[in-house]
Amino acid sequence: MRLFTWWLRRALSGAGTLVGVSILIFIAVRAMPGGFAETILGPFATEEQRAELAERYGLDQSVLVQYWNWFTAALSGDFGTSMVSQQPVGAELASRFPVTAQLTVMAILAAAFIGVPLGVLAAVRAGGPGAGGRGAVVGRLAGGLGVSLPEFVLGSIVVYLFSRYALGLSVGGYVPLGDDPVGNLRAMLLPAAVLSVFAISATARTTRDAVLNVLVEPYVTAAVARGETPWAVIRQHILRNAAPPVLVLLTTVSAYLLGGAIIVEYLFNLPGVGSYVVHAVGRRDYAVVQAGVLLAAALFIVLNVVVDLVVGLIDPRLGVTTAGRRT
Amino acid sequence: MNQLTPAEPVVVARDLVVDYLAAHGPVRALDGVDLAVDAGETVGVVGESGSGKSTLGAALGRLLPSRAERRHGSMHVAGHSVFDLAPQPLRQLRRDQLGFVFQDPIGALDPTMRVGAQVRRALRGRQPSPRRSTRDAVAALLDQVRLRDPARVARAYPHQLSGGMAQRVALAMAMAVQPRVLVADEPTAALDSQVRDEVLDTILALTRAAGTTVLWLSHDLNAVARRCARVVVMYGGRVVEDGPAHAVLARPAHPYTHALASSAPSHARPGERLTPIPGRPPLLAGPAPGCAFAERCRFVVDRCATERPPLARVNGQAVLCHRAEELRSTAALPLPARPTDIPAEIGGGR
Amino acid sequence: MKRLDWLSRCGLICLMVLVAAAVAGWFGLAGDPAAIDGDRLRPPGAAAWLGTDDLGRSLLPRLLEGIGATLLLSSLAVLVTAVVSTALGIVAGYVGGAVNEAVLRLVEVLYAFPSIVLAILVAAVVGPGRPAAMAAIVLVTIPLMTRLVRAAAATVASRDYITSAVVSGVGMPTMLVRHVLPNVGGTIAVQGTYALSIGILVEGGLSFLGLGVQPPQASLGVLIAQGGIYMVAAPWLVIAPGVVLVLAILSINVLGDGLRDRLEPREARSLT
Numbered sequence: 290m291r292l293f294t295w296w297l298r299r300a301l302s303g304a305g306t307l308v309g310v311s312i313l314i315f316i317a318v319r320a321m322p323g324g325f326a327e328t329i330l331g332p333f334a335t336e337e338q339r340a341e342l343a344e345r346y347g348l349d350q351s352v353l354v355q356y357w358n359w360f361t362a363a364l365s366g367d368f369g370t371s372m373v374s375q376q377p378v379g380a381e382l383a384s385r386f387p388v389t390a391q392l393t394v395m396a397i398l399a400a401a402f403i404g405v406p407l408g409v410l411a412a413v414r415a416g417g418p419g420a421g422g423r424g425a426v427v428g429r430l431a432g433g434l435g436v437s438l439p440e441f442v443l444g445s446i447v448v449y450l451f452s453r454y455a456l457g458l459s460v461g462g463y464v465p466l467g468d469d470p471v472g473n474l475r476a477m478l479l480p481a482a483v484l485s486v487f488a489i490s491a492t493a494r495t496t497r498d499a500v501l502n503v504l505v506e507p508y509v510t511a512a513v514a515r516g517e518t519p520w521a522v523i524r525q526h527i528l529r530n531a532a533p534p535v536l537v538l539l540t541t542v543s544a545y546l547l548g549g550a551i552i553v554e555y556l557f558n559l560p561g562v563g564s565y566v567v568h569a570v571g572r573r574d575y576a577v578v579q580a581g582v583l584l585a586a587a588l589f590i591v592l593n594v595v596v597d598l599v600v601g602l603i604d605p606r607l608g609v610t611t612a613g614r615r616t
Numbered sequence: 083m084n085q086l087t088p089a090e091p092v093v094v095a096r097d098l099v100v101d102y103l104a105a106h107g108p109v110r111a112l113d114g115v116d117l118a119v120d121a122g123e124t125v126g127v128v129g130e131s132g133s134g135k136s137t138l139g140a141a142l143g144r145l146l147p148s149r150a151e152r153r154h155g156s157m158h159v160a161g162h163s164v165f166d167l168a169p170q171p172l173r174q175l176r177r178d179q180l181g182f183v184f185q186d187p188i189g190a191l192d193p194t195m196r197v198g199a200q201v202r203r204a205l206r207g208r209q210p211s212p213r214r215s216t217r218d219a220v221a222a223l224l225d226q227v228r229l230r231d232p233a234r235v236a237r238a239y240p241h242q243l244s245g246g247m248a249q250r251v252a253l254a255m256a257m258a259v260q261p262r263v264l265v266a267d268e269p270t271a272a273l274d275s276q277v278r279d280e281v282l283d284t285i286l287a288l289t290r291a292a293g294t295t296v297l298w299l300s301h302d303l304n305a306v307a308r309r310c311a312r313v314v315v316m317y318g319g320r321v322v323e324d325g326p327a328h329a330v331l332a333r334p335a336h337p338y339t340h341a342l343a344s345s346a347p348s349h350a351r352p353g354e355r356l357t358p359i360p361g362r363p364p365l366l367a368g369p370a371p372g373c374a375f376a377e378r379c380r381f382v383v384d385r386c387a388t389e390r391p392p393l394a395r396v397n398g399q400a401v402l403c404h405r406a407e408e409l410r411s412t413a414a415l416p417l418p419a420r421p422t423d424i425p426a427e428i429g430g431g432r
Numbered sequence: 002m003k004r005l006d007w008l009s010r011c012g013l014i015c016l017m018v019l020v021a022a023a024v025a026g027w028f029g030l031a032g033d034p035a036a037i038d039g040d041r042l043r044p045p046g047a048a049a050w051l052g053t054d055d056l057g058r059s060l061l062p063r064l065l066e067g068i069g070a071t072l073l074l075s076s077l078a079v080l081v082t083a084v085v086s087t088a089l090g091i092v093a094g095y096v097g098g099a100v101n102e103a104v105l106r107l108v109e110v111l112y113a114f115p116s117i118v119l120a121i122l123v124a125a126v127v128g129p130g131r132p133a134a135m136a137a138i139v140l141v142t143i144p145l146m147t148r149l150v151r152a153a154a155a156t157v158a159s160r161d162y163i164t165s166a167v168v169s170g171v172g173m174p175t176m177l178v179r180h181v182l183p184n185v186g187g188t189i190a191v192q193g194t195y196a197l198s199i200g201i202l203v204e205g206g207l208s209f210l211g212l213g214v215q216p217p218q219a220s221l222g223v224l225i226a227q228g229g230i231y232m233v234a235a236p237w238l239v240i241a242p243g244v245v246l247v248l249a250i251l252s253i254n255v256l257g258d259g260l261r262d263r264l265e266p267r268e269a270r271s272l273t
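Just so you know, the protein sequences line up as chains A, B and C, in that order.
For the first sequence, the tail end lands on 616 under my numbering, and the numbers increase by one without skipping.
For the second sequence, the tail end lands on 432 under my numbering, and the numbers increase by one without skipping.
For the third sequence, the tail end lands on 273 under my numbering, and the numbers increase by one without skipping.
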């Protein structure tokens with residue numbers, strides 16, 4: 290019950306953040322030089338279009354009412370009409386979203402299944418014999434390199450290597466997962482791999498730190514003193530207690546991946562939300578930009594609230610105090 | 083498993099030297115500890131912070147932090163040379179022969195796991211009788227450490243327990259396998275003074291019933307002397323005095339023990355000033371050239387600083403002091419008469 | 002005081018070399034970045050050490066110009082972030098209450114945007130260019146830095162010596178500058194270092210998408226984006242700025258890790 294009220298508070302706070310985010314986007318787009326109608330419709334709009342827009346967004350009404358109309362419409366999936374294609378933005382986003390989601394999910398899975406074990410290994414070895422040796426430096430350097438390798442550098446090189454030399458995987462040629470799963474994976478594997486490098490390294494680093502923090506806890510000493518095997522200590526005590534910071538990091542990483550996906554989609558020419566938004570900025574298609582940005586922020590906020598719930602289930606102390614974990 | 087002859091002590095440390103590797107060089111924690119404890123004994127190990135008592139306790143189960151390193155000597159527990167064991171036999175030894183109770187009772191329990199589940203892990207299928215379920219075994223264990231309402235405690239998370247309750251749970255887990263040796267490292271230092279006595283009573287009653295040898299590490303000479311048959315005093319990483327509790331307390335043979343006994347509040351009569359020990363404990367980088375207490379000792383002579391004192395037998399005690407015999411014969415170490423009606427418990431606190 | 006470990010010192014040296022290279026480029030020691038040699042997409046060789054680009058310009062002076070532009074842009078932005086975050090963080094952490102709540106809300110809202118997404122929004126509003134890149138770096142790094150400075154200041158505010166200073170009648174401005182600021186200095190230094198690497202990353206990403214620094218001005222992101230077009234014929238155009246960019250971010254991160262380890266050392270424990 291305590292846990293539930295705690296989580297409810299976190300969820301409400303997330304909703305508040307979402308409202309803040311939407312206000313920021315609303316103000317940003319309206320604050321642009323040239324006025325809102327100009328911005329949305331472009332300079333060559335007809336009077337008819339202007340009148341329609343004014344009616345649609347209630348431009349003759351107060352700013353507050355305008356915001357409210359826009360925000361409630363966005364919540365129900367109505368993001369307005371693209372100035373360039375004259376198509377509803379919501380439908381376009383919905384058709385492109387699976388590509389971005391698939392990329393992000395593939396990278397997150399890689400982070401969880403490769404990054405977490407690597408991090409645990411690094412931490413346990415850092416505490417064991419031979420700590421601070423050559424292996425530790427190599428690990429630190431490799432982890433550091435991973436988080437320092439931006440997608441646009443790594444991706445450019447990967448594109449070069451795979452288009453210059455026939456290495457089996459093609460660049461481009463996206464097909465939806467439902468139509469041709471094998472073809473889809475062939476097209477998505479490289480972009481997802483490029484996107485994963487940062488996620489894996491960042492996850493490994495945070496996992497290592499989290500596990501190192503748990504390793505000095507007295508209950509770990511107590512478990513070792515009871516003669517439990519290292520594997521049992523890791524599984525029973527360390528993973529559970531190190532999980533909250535790692536989960537929180539995975540949320541942050543997925544936010545980062547939503548951003549990284551934009552670059553990867555642009556680079557590999559994938560029809561996802563990211564490339565849509567980037568091209569929209571170039572075409573000054575602001576209805577698309579504000580919808581895409583709002584969607585990304587909203588996804589991150591929702592993810593945070595969900596992770597809070599999971600963390601609360603793992604750590605029973607969270608429901609008791611707002612101060613959170615003992616450190 | 084049991085390679086023990088009846089005469090052989092269950093814990094034997096021989097010239098044990100342990101260093102901590104700090105950033106600015108090694109710090110000596112144990113500077114040649116010699117200690118033998120017989121099966122079933124209850125030994126109080128007394129010393130200030132930094133005297134090496136916790137390191138000694140950890141050395142029993144080879145639980146030293148990774149930056150600690152054994153330089154010399156040996157530690158035998160139940161016939162096994164602890165520092166020479168392979169990982170698997172070492173775990174076996176920790177599991178079957180050793181129990182530990184630490185200072186921070188709530189910290190020693192995993193915060194994400196219910197108490198019952200943790201106690202069950204300590205039992206590891208080892209049930210007193212095959213007919214009882216694990217839940218009953220857990221409840222029986224918790225009942226044994228005199229926890230009221232064991233079923234409720236088993237369902238609780240560690241943060242929902244008081245310090246005293248958590249320490250009883252930790253004790254139940256340590257005693258679940260009826261170990262031969264229990265190391266209790268300041269088990270009551272983090273507890274409220276009201277529950278200290280109760281927890282200590284439980285520890286000692288339980289270990290006596292199981293025939294478990296107890297090493298109780300404490301900074302409180304009087305509390306230890308009141309409950310243990312034997313007292314071991316540590317200073318500067320060495321055992322400086324070792325003997326029957328009543329003898330050590332009544333006629334300390336080492337100037338440090340004497341200073342410790344005189345500085346205890348329970349020795350003061352109302353209105354009387356306590357005698358603090360001047361100076362600080364030493365921070366050794368290597369073997370102490372002479373007696374580690376020389377700098378703070380009222381009876382210091384030249385050779386104390388340059389020559390390591392040999393073991394001397396004075397009364398019933400074993401003492402590391404050049405002038406032990408001399409000080410005894412001149413009765414230079416008098417103690418104020420001890421008012422017996424004041425509980426020795428006051429000396430606690432960290 | 003413990004010194005930086007050798008890895009962090011390597012990072013520091015590497016960073017100083019990059020700054021020296023940028024300064025050398027500034028003074029034209031490697032030639033004029035805009036000068037056209039005539040030969041297009043020439044591979045690296047004696048005439049042009051790093052080859053030439055699609056217009057026949059030598060890459061080396063352009064690369065040095067790009068390093069300078071990226072480092073200057075990111076450093077200025079991080080400087081702005083450091084000032085704003087320190088002010089917000091210290092006041093929120095020390096004063097607490099409604100101020101703290103307001104700052105936390107603001108930070109929370111900014112933090113909800115993935116960094117590149119926020120940068121794209123800024124570029125959309127301000128219009129692509131250097132100001133957009135700088136503003137994007139500032140807005141992306143402010144929530145990260147403010148959070149940690151605030152937490153550090155809140156910890157300091159709960160210490161006994163602050164209480165005793167309050168009791169002895171030290172005024173709020175004096176308190177913040179004399180007592181709180183020095184104690185969060187370490188956090189600012191470490192987070193400032195990390196912010197610089199994030200700044201370089203954001204500039205690179207935004208310019209790569211064509212929304213940051215605009216050609217013919219050079220920056221590492223611009224060079225990589227433009228080189229990408231000729232990747233198959235002239236891979237050096239991407240590899241050289243790419244390597245420099247990764248090197249810059251890596252050395253700054255390693256330096257940040259070294260600073261952090263020095264400021265908050267950790268104990269290690271064995272499981273066996």
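No residue lacks a Cβ here, since even glycine has one placed at the ideal position from N, Cα and C.
Shortest Cα-Cα distance from C/L30 to any of C/R63, C/M135, C/R10, C/L13 involves C/R63. Restricting attention to C/P45, C/C15, C/A134, C/L105, the CA atom closest to the CA of C/T71 is found in C/A134. A straight-line Cα-Cα distance of about 8 Å links B/L331 and B/H340. Counted as a single uninterrupted DSSP element, the alpha helix (DSSP H) harbouring C/V24 occupies residues 7–27. Think of a sphere of 8 Å around the beta carbon of C/P216: no beta carbon from chain A falls inside it, the nearest being about 14 Å out.
If the five residues before and after B/V315 are omitted, its C-beta is found closer than 6 Å to the C-beta atoms of V128, V322, E323, T339, all from its own chain and listed in chain order. In this structure the segment 480–495 of chain A touches the segment 436–451 of chain A; the number of beta carbon pairs closer than 8 Å is three or more.
Annotation: Cβ neighbours of C/G206 in chain A (cutoff 7 Å, chain order): P439, F441, I552. The C-beta of C/R179 comes no closer than 8 Å to any C-beta of chain A. Taking a beta-carbon distance threshold of 8 Å, A/V513 counts as an interface residue toward chain B. Within the same chain, G379 come within 6 Å of A/G366 by CB-CB distance, once the 5 residues on both sides are set aside.
Contact check for C/S252 against C/G12 passes: the beta carbons are separated by less than 8 Å.
In the structure shown, A/L478 falls within a helical segment according to DSSP collapsed to helix, strand and coil. It is roughly 5 Å from the alpha-carbon of C/P115 to the alpha-carbon of A/Y545. The three-state secondary structure of A/Q391, taken from DSSP, is helix. Between C/N254 and chain A, the shortest Cβ-Cβ separation is below 8 Å. Sorting C/G128, C/L77, C/V141 by C-alpha distance to the C-alpha of C/Q215 places C/G128 at the top. From the beta-carbon of C/V20, no residue of chain A is found nearer than 7 Å; the closest lies around 18 Å away. If you check the CB distance, C/L207 and C/A103 do not come in under 8 Å.
The continuous beta strand (DSSP E) containing B/Q399 extends over residues 399–402. Residue environment: A/D469 is assigned as exposed (fewer than 16 neighbouring CB atoms within 10 Å of its CB, all protein chains considered). The C-beta of A/G432 comes no closer than 8 Å to any C-beta of chain B.
Looking at the DSSP output, C/T53 sits in a beta bridge with C/S59. Partner residues in a beta bridge of C/I253, as assigned by DSSP, do not exist. Among the residues facing chain B, A/T496 is not included, as its CB has no counterpart in that chain under 8 Å away. Taking C-beta separations shorter than 6 Å and ignoring five residues to either side along the sequence, the partners of B/F184 in its chain run A190, D267, following chain order. Annotation: the segment 102–175 of chain B contains the following complete segments of the beta strand (DSSP E) (minimum length 3 residues), in chain order: 107–119, 124–128, 150–159.
About 10 Å separates the CB atoms of C/V244 and C/L221; that is not less than 8 Å, and the two are not in contact. Within chain A, the residues whose beta carbon sits less than 8 Å from that of B/L191 are Y508, A511, listed in sequence order.
Partner residues in the beta bridge of B/S300, as assigned by DSSP, are B/V128. Neighbourhood of C/P236 in chain A, by CB distance below 7 Å: Y449, in chain order.
Across the segment 222–235 of chain C, CB contacts with chain A closer than 9 Å involve G222, I225, A226, G228, G229, M232, V233, in sequence order along the chain.
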